[in-house]
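Each residue of the sequence shown is one higher than the one before, starting from 1 at the first, in the numbering used here.
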Amino acid sequence: MKILNLNEIIIVVALFSFCSCIKSEDPIPPIDENDTTTELYYYSKRDGVNNIYKSDLQGNETNIISDEGHHDWWVRLSPDKSKMLWYKSPLDVPANKEYNNYKEAELWMANSNGSNARKMIDLKDYNWLAQGVADWSPDGTELVMAVIDETGHWHIYITNSDGTNPTKISRRNSLYADPSWSPDGKKIVYSAFPEGYVGINFFKLEIHTMNRDGSNEVQLTNDEWRDHDPYWSPDGKEIAFESQWNLLHCLIGKWAIRKYNFDTQQTTNLLKDNNANGLPRWTKDSEKIFFGRTECGVYGKLMQVNRDGSDMRTVLSSSSFPYYDCDVKE
């Protein structure tokens, strides 16, 4: 997890850094090798640079985007898996700005094999101060993203799929972060301070939904945990998200993956342990979730767990380099 400074406020994504504290307690079994069709798209830091890769679940890896002059991060596949989005930012930055560098981010698009790469949104195109966390609408015709615009606040914008015609949909000056879509494309789920809250206590961030035009804001969570990166299950029944419940453990805190269920209107823990777990990504049948995980003293890895929290398994890990964030192709 990463926090921007107070002038930038924050968007948090589950991109966990290496820290040399204590080792993880229990071994986790590897992924089931019977799945030969699923691929993960992610970024990984090799030789000082973050580039984009894909891999099957057996670890057969292909470098998709290789740019030794920039960091490349936050890869998101289009619904038909033919294209991908990601952000590109400069190399010459402090370690905590190698990714999540929203103030210098450029939004790029390419075919999912890395061909035909082109810049979609430069900050100067719309006089934005920062941008991040773009994601596709379910029909692939639009993008939703978080932006610091001329108000100086993080807002939610929707654009055409090519980054044109940006429209602000958030209606109050607060902190809007981590937007993504409902399966039918009619709603946006996101993290934000509750209406009426004034302050910068990030543990006040809660999961909300609103209509795609910004109307009908509904606050789903209400507790003292810091909530981020919500993703709707494809069957529409639940929203999975990450929550920080401990601030300082191993320098990045302890982060749980939780779920909000629309039938029960309750929030429950999917995975809560002494590690940093985050950015859940559902499989298309809504039965499994891929996510990023950092254990103290171990490089970031990619994991899989069943919808009910059972049978957690390691998908991709290395003793030499980290794996960050992922999107799923099935």
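Virtual Cβ for every residue (Gly too), placed ideally from N, Cα, C. Here the structure is a predicted model, which means the values were calculated and not measured.
Cα-Cα separation between residue i and residue j, rounded to whole angstroms
i: Glu106; j: Lys119; result: 7 Å
i: Asp125; j: Gly300; result: 34 Å
i: Glu195; j: Arg171; result: 11 Å
i: Asp325; j: Arg281; result: 9 Å
i: Phe291; j: Lys284; result: 15 Å
i: Val75; j: Asn63; result: 13 Å
i: Gln266; j: Glu295; result: 28 Å
i: Trp181; j: Asn34; result: 31 Å
i: Tyr231; j: Glu242; result: 10 Å
i: Asp139; j: Gly185; result: 8 Å
i: Lys168; j: Ile156; result: 6 Å
i: Asn261; j: Met210; result: 16 Å
i: His249; j: Phe202; result: 17 Å
i: His71; j: Ala117; result: 15 Å
i: Pro322; j: Ser215; result: 40 Å
i: Gly163; j: Tyr53; result: 23 Å
i: Ser318; j: Asp213; result: 43 Å
i: Ile121; j: Pro183; result: 25 Å
i: Tyr87; j: Asp80; result: 20 Å
i: Thr264; j: Thr36; result: 36 Å
i: Leu91; j: Gly48; result: 9 Å
i: Leu85; j: Tyr43; result: 12 Å
i: Asn337; j: Arg293; result: Nothing can be reported for residue 337, as the shown portion of the chain is limited to 1 through 330.
i: Ile148; j: Glu61; result: 35 Å
Cβ-based neighbour list, residue i, same chain, cut-off 7 Å, excluding 5 preceding and 5 following
i: Glu142; result: Ile158, Thr159, Asn160 and Ser161
i: Asn111; result: Ser82 and Lys83
i: Ser320; result: none
i: Asn127; result: Glu150
i: Ile31; result: Leu57, Gln304, Arg313, Thr314 and Val315
i: Val328; result: Thr38, Leu40, Arg281, Thr283 and Phe290
i: Arg307; result: Ser286, Glu287, Lys288 and Ile289
i: Asp235; result: Ser286
i: Val93; result: Asn101
Exposure label - residue i; buried when at least 16 CB within 10 Å
i: Ser310; result: exposed
i: Lys45; result: buried
i: Ser66; result: exposed
i: Lys103; result: buried
i: Glu330; result: exposed
i: Leu247; result: exposed
i: Lys254; result: buried
i: Val133; result: buried
i: Glu238; result: buried
i: Val144; result: buried
i: Asn165; result: exposed
i: Asn269; result: exposed
i: Glu68; result: exposed
i: Lys204; result: buried
i: Glu224; result: exposed
i: Val198; result: exposed
i: Ala256; result: buried
i: Trp136; result: buried
i: Gly278; result: buried
i: Glu287; result: exposed
i: Ser115; result: exposed
i: Asp229; result: buried
i: Leu251; result: exposed
Residues of its chain near residue i, where Cβ-Cβ distance is below 8 Å and the 5 sequence neighbours each way are ignored
i: Pro29; result: Arg313 and Thr314
i: Gly59; result: Leu316
i: Asn222; result: Pro194 and Glu206
i: Pro179; result: Val133, Asp135, Val144, Met145, Ala146, Ile156, Ile188, Val189 and Tyr190
i: Asn113; result: Ile64
i: Asn50; result: Tyr43, Ser44, His71, Asp72, Trp73, Glu98, Tyr99 and Tyr324
Contacts around residue i, its chain only, beta-carbon distance under 6 Å, and the 5 residues preceding and following it disregarded
i: Gln219; result: Pro194, Glu206 and His208
i: Asp56; result: Glu39
i: Ser174; result: Ala192 and Phe193
i: Ser89; result: His71, Asn101, Glu104 and Ala105
- Taking only runs of the beta strand (DSSP E) that begin and end inside the stretch 140-174, which ones reach a length of at least 3 residues, in chain order? 142-148 and 154-160
- What runs of the beta strand (DSSP E), each 3 residues or longer, lie entirely inside the stretch 209-285? Runs of the beta strand (DSSP E) inside the stretch 209-285: 226-232, 238-246, 254-261, 266-271 and 276-282.
- At 3 residues or longer, and completely inside the stretch 76-131: list those beta strand (DSSP E) runs for me, N to C. 83-90, 106-111 and 118-121
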